[in-house]
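What follows is a single structure, written as C-alpha cells, with notes after it.
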Amino acid sequence: RTISITFIMGAALAAVAGTLFLMYYGVVVFSDGFVPGVKAFTAAVLGGIGSLPGAVLGGLLIGFIESMWSAYFSIDYKDVAAFSILAIVLIFLPSG
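Just so you know, we're using this note's numbering here: the sequence shown kicks off at 984 and counts up by one.
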C-alpha cells in the first residue's frame, strides 16, 4: 500500500513538473529528461540504492565534480563527468 501511494505521488509530481516545463518552454520532447535521469541514477548508485542520505551525498558529489570539470574543460562536456562517474562506479562497485 505504501509503495502504491508513493508511486502515485511521484507520478503526480512528475505530471506537474512536465506541465510547468511545457508552459515555460512551450515544447516538450521525450528525450528532455534523459540526462537529468542519468544523473539522478548516478547519484543513487554512488550513495547506495535505497539510502536517501547516500543519494543526497551522491548528488552533491556529482554537482561538485561537474563544477570542477567545467572549470578545466569546456562546459559543453560537463555531462561526460556524470557518465564517467557512473561507468567507474559500476565497474569497480557494481552494488553501489
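Ideal placement from N, C-alpha and C gives every residue a C-beta, glycine not left out. Treat the numbers as computed from the prediction; the structure is a model and nothing was measured.
Simplified DSSP state of residue i, which is helix, strand or coil
i       : result
Val1072 : helix
Pro1036 : helix
Phe1056 : coil
Pro1077 : coil
Below-7 Å beta-carbon distance, residue i vs any chain D residue
i       : result
Asp1015 : Absent from the structure is chain D; it holds one protein chain and no more.
C-alpha gap between residue i and residue j, whole angstroms
i       : j       : result
Leu1040 : Ile986  : 24 Å
Ala995  : Phe1004 : 14 Å
Gly1009 : Ile988  : 31 Å
C-beta contact flag for residue i and residue j at 7 Å
i       : j       : result
Gly1025 : Leu1069 : Looking at the sequence provided, one finds Thr at residue 1025 rather than Gly. Closer than 7 Å, so yes.
Ala1065 : Trp1052 : no
Ala1038 : Gly1030 : yes
Val1018 : Asp1062 : yes
Nearest residue (CA-CA) to residue i, options the options
i       : options                      : result
Leu1076 : Ala1027, Tyr1055 and Gly1009 : Ala1027
Leu1044 : Lys1022, Met1006 and Val1010 : Lys1022
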